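Just below is one structure, and these are the notes that go with it.
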Amino acid sequence: MPSEEDEMLHAMGLRNIDDLFTDIPTAVRIPKLDLPDGLPEDAVVSRVTSMLAANRTVVDMPTFLGGGLYDHFIPASVRAITSRSEFYTSYTPYQPELSQGMLQALWEYQSLVCELTCMDGANTSMYDGSTALGEAARIAHRILSDDVCGVYVENPNFFGRFEEQLEDIRRLTKAPFVVGVNPIAQAVVRPPGDFGADIVIGEGQPLGSHANFGGPLLGIFACRQEHIRKMPGRVIGLTRDAAGQRAFCMTLQTREQHIRREKAMSNICTNEALLAVAAASYLSVLGGNGLRRVASENIRRAKELASAIDRIEAFTAPLFNGAHFNEFVVRSQKPYASVHKSLLAKGVHGGLSLGRHLPELENAALFTTTGRHAPDAIERLLKALREVR
Numbered sequence: 015m016p017s018e019e020d021e022m023l024h025a026m027g028l029r030n031i032d033d034l035f036t037d038i039p040t041a042v043r044i045p046k047l048d049l050p051d052g053l054p055e056d057a058v059v060s061r062v063t064s065m066l067a068a069n070r071t072v073v074d075m076p077t078f079l080g081g082g083l084y085d086h087f088i089p090a091s092v093r094a095i096t097s098r099s100e101f102y103t104s105y106t107p108y109q110p111e112l113s114q115g116m117l118q119a120l121w122e123y124q125s126l127v128c129e130l131t132c133m134d135g136a137n138t139s140m141y142d143g144s145t146a147l148g149e150a151a152r153i154a155h156r157i158l159s160d161d162v163c164g165v166y167v168e169n170p171n172f173f174g175r176f177e178e179q180l181e182d183i184r185r186l187t188k189a190p191f192v193v194g195v196n197p198i199a200q201a202v203v204r205p206p207g208d209f210g211a212d213i214v215i216g217e218g219q220p221l222g223s224h225a226n227f228g229g230p231l232l233g234i235f236a237c238r239q240e241h242i243r244k245m246p247g248r249v250i251g252l253t254r255d256a257a258g259q260r261a262f263c264m265t266l267q268t269r270e271q272h273i274r275r276e277k278a279m280s281n282i283c284t285n286e287a288l289l290a291v292a293a294a295s296y297l298s299v300l301g302g303n304g305l306r307r308v309a310s311e312n313i314r315r316a317k318e319l320a321s322a323i324d325r326i327e328a329f330t331a332p333l334f335n336g337a338h339f340n341e342f343v344v345r346s347q348k349p350y351a352s353v354h355k356s357l358l359a360k361g362v363h364g365g366l367s368l369g370r371h372l373p374e375l376e377n378a379a380l381f382t383t384t385g386r387h388a389p390d391a392i393e394r395l396l397k398a399l400r401e402v403r
């Protein structure tokens, strides 16, 4: 009897499986893969476990690598919420109003982002902070086509320092004003909506998500009322159904859903819904006071660690004056590449080397610290820096 495979090939008028790939030139096809024989499940688990043991995570070694992703404590309840199958395995359905629970969670996320930033509206997420910035630049260009289509500032900035003249910058220009934020820092600083920001973007990974070797991430995007129809991504709205009951729906879909691509505000066609749910859960579990405690601790720890490093001969920290959040720049009198190598040899991951990005900061690095760095981890770093030769 013919196999199911033969029946399918016959139905398609094909002789063999290779006929399915005739449109791919032979020259670019991958030859037969040299794969080993199969293994029993327990042997596969053992092999993979052995391979993964080569990884070094923030649990295995103190990590002070700054630059965008941070290791904050995440309450167990956040993982419990996001691990529910209704959130963890579902995707935005083609009839999204059927998933009222997911829509409500995303609506709550939008509301919390607006509260943090003092903006009028937010979307359900972007891929990450960098794509959120890219979309903000496109909106700024559409709003004002001039020599300067927009102004972008970060608070805190890349070096971890809080900016102090944002309101003055806003007064100097009529161009769209885009502000990049660390969402946890928003608990202790003046929100960008208060000093005239048109668009606020940020990386939401610190809100309940692990670094995960670089992803997935969560792009925060919020804006003023007059720009909402230009905002990319999905927006969840609150309405009433035919029976007068509260209901959630995807709103303003014609900005990019159900519209010709060339007329869409953006071609982002998905979102980071699970991480947005994690962020909403994290913010809800901590509350305003809890978030302020986390933010204040980050400021205190950065100040204390910078002062301790500055007392070590051959190191200057922080390189820039002012209040810092999470991270700060350390300058070494010795080549930082050798310093970093020495730290790794002692089981400590040092800061992000800045010389390859900014030649004027050769032998400088961006160090970060959070509430996850126990006193013994701090002491290991300081001891390793003192022993640098």
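Everything in the sequence shown is counted per our numbering, starting at 15 for the first residue and increasing by one.
The C-beta atom is built at its ideal place from N, Cα and C for all residues, glycine as well.
Just so we're clear, the structure is a prediction, and the values are computed from it rather than from any experiment.
Near residue i, what residues of its chain come up, given a Cβ to Cβ distance below 6 angstroms and the 5 sequence neighbours on each side ignored?
i	result
V291	T96, F101, A119
L83	Q219, A225
F339	P170, G174, A199, N312, I313
L147	I215
I326	L399, R400
Q239	D134
Y166	V192
E376	G369
R274	none
V249	N137, T265, L266
L319	T383
L357	G364, A398
Can you grab the Cα-Cα spacing for the pair residue i / residue j, in whole Å?
i	j	result
A94	S125	22 angstroms
L368	L112	49 angstroms
H224	P89	12 angstroms
K397	M75	14 angstroms
E181	F173	20 angstroms
Y350	E341	17 angstroms
Q114	L288	15 angstroms
P54	V62	12 angstroms
T77	G364	6 angstroms
V162	R184	14 angstroms
Y123	R307	21 angstroms
V203	F262	32 angstroms
D56	I323	48 angstroms
T36	R43	10 angstroms
R156	D33	48 angstroms
For residue i, does the count of other Cβ atoms within 10 angstroms reach 16, so buried, or fall short, so exposed?
i	result
R98	exposed
S64	exposed
Q267	exposed
M26	exposed
E286	buried
E374	exposed
D212	buried
D85	buried
Y230	The displayed chain sequence assigns Pro, not Tyr, to residue 230. Exposed is the call here.
G233	buried
Compare the Cα-Cα distances from residue i to each of the options and report the closest residue.
i	options	result
M264	L180, L117, D33	L117
T131	P206, Q114, L180	P206
L300	L366, F87, G135	F87
L399	N30, H371, K355	K355
A189	G210, I250, P54	G210
R315	P373, T382, L333	T382
G143	R248, P197, P110	P197
D390	R248, F191, V362	V362
S91	R260, S295, R156, V42	S295
Q179	G336, V353, C237	G336
L305	L221, V353, R243	L221
L372	L47, R345, A201, E177	R345
F176	I31, V72, F334, A328	F334
T284	V73, P110, K360, D48	P110
V402	V353, R386, A257	V353
A154	H241, E217, A309	H241
K317	R243, P45, I392	I392
Helix, strand or coil for residue i? Go by DSSP, reduced to three states.
i	result
A359	helix
N169	strand
E177	coil
S367	strand
H224	coil
R315	helix
R238	coil
R9	Nothing in the structure corresponds to residue 9, since the chain is present only between 15 and 403.
F339	coil
S2	Outside the shown range of the chain (15 to 403) lies residue 2, about which nothing can therefore be said.
I'd like the list of long-range same chain contacts for residue i, defined as Cβ closer than 7 angstroms, with 5 residues on each side in sequence excluded.
i	result
E168	G194
E149	M140, F235, P246, S280
G81	L366, L380
M22	none
L395	P76, F78, V362
Leaving aside the five residues before and after residue i along the sequence, list all residues of the same chain whose C-beta is less than 8 angstroms from its C-beta, in chain order.
i	result
S298	E122, L126
I282	M140, Y141, T145, E149, P246, G247, E270
R254	R260, A261
T187	V162, V165
Mind checking whether the beta-carbon of residue i lies closer than 6 angstroms to any heavy atom of the ligand PLP?
i	result
E111	By its list of ligands, the structure shown contains no ligand whatsoever, and the ligand PLP lies outside what it can speak to.
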